Amino acid sequence: MTASATLTSMMLLTLRAPGEAAAVILSRPRPREALWSAVAVISVVNTWLATLSNYIFPVPEQLQTFLASPFLYFTLIAGGFVLMVHALFWTGRMLGGAETMGDLLTLMIWLQVMRTVAQAVMIVLILLSPVLASFVMLFVGVATLWIFMHFLNIGLKLNSMMRAFGVLIVGTMGLLLSLSILFSIIGVAAIGVPPNV
């Protein structure tokens, strides 16, 4: 089986049975260096897609300064991802979840890979059929939440979808607080938003 066929097969399995897909993913060797390299690569690809999207579908003028800086956008994407994983991990640990971050990080990277592919597909669909793109966007949103909940449950060893939901809520609140700090650090004021907002 080719690499592309394997990737497609794993994506379909993830959509159909997130728990089973997680077990397959976690059964493979995952060197720590490779995981963080994957985070960097995915962030670069996301930055490139966002830049391309900005050229095709111009954003409001007040956001153009921000998106015109690939490094700034990369910092936000990569930093936001790392903050998200840490917020979810520590929240899960407080609720009796896993004591190591490796499994959660691995699954979140895979979910980010799928979202990146979906983002690329969406750019093409918007050009071809905006109506179809809107339905696909809705499907992607629902599927992301579905997979995310299962990955949280398995990656943090919570053994409960309700606890996973609790981690999602509390972790999201922590993430939003962290992102507000990150925005202040990288200078959101440059696009006209006061840092104390």
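Those letters in the sequence shown? Residues 230 to 426, per the numbering used here, in order. A virtual CB, placed ideally from N, CA and C, is assigned to each residue, including glycine. Computed from a prediction, not measured in an experiment: that's the story for all the values here.
- Judged by their CB atoms, Met378 and Met391 are not nearer to each other than the 8 Å cut-off.
- Exposure of Ser409 is indicated by the presence of fewer than 16 other C-beta atoms within 10 angstroms of its C-beta.
- Residue environment for Ile398: exposed (fewer than 16 other C-beta atoms within 10 angstroms of its C-beta).
- Across the structure, Ile271 and Ala263 are spaced so that their CA atoms are roughly 12 Å apart.
- In this structure, DSSP gives Gly326 a state outside helix and strand, which the three-state scheme calls coil.
- One thing to note: Ser282 has its Cβ within 8 Å of the Cβ of Ile352.
- In this model, Leu244 and Leu301 are separated by some 32 Å (Cα to Cα).
- Counting only runs of at least 4 residues, the stretch 335–400 fully encloses the following alpha helix (DSSP H) elements, listed from N- to C-terminal order: 359–384.
- Assignment of Arg257 by DSSP, reduced to helix, strand and coil, places it in the coil class.
- Taking each of Gly403, Phe380 and Met402 in turn and checking the Cα distance to Ala393, the smallest one comes out for Phe380.
- Contact check for Gly384 and Leu336: beta-carbon distance about 4 Å, within the 8 Å limit, so the pair qualifies.
- When the beta-carbon positions are compared, Thr320 and Val273 stay at least 8 Å from each other.
- Within its own chain, no residue has a Cβ closer than 6 Å to the Cβ of Leu236 once the five positions on either side in sequence are excluded.
- Taking every protein chain shown into account, the CB of Val314 has 16 or more other CB atoms within 10 angstroms, so this residue is buried.
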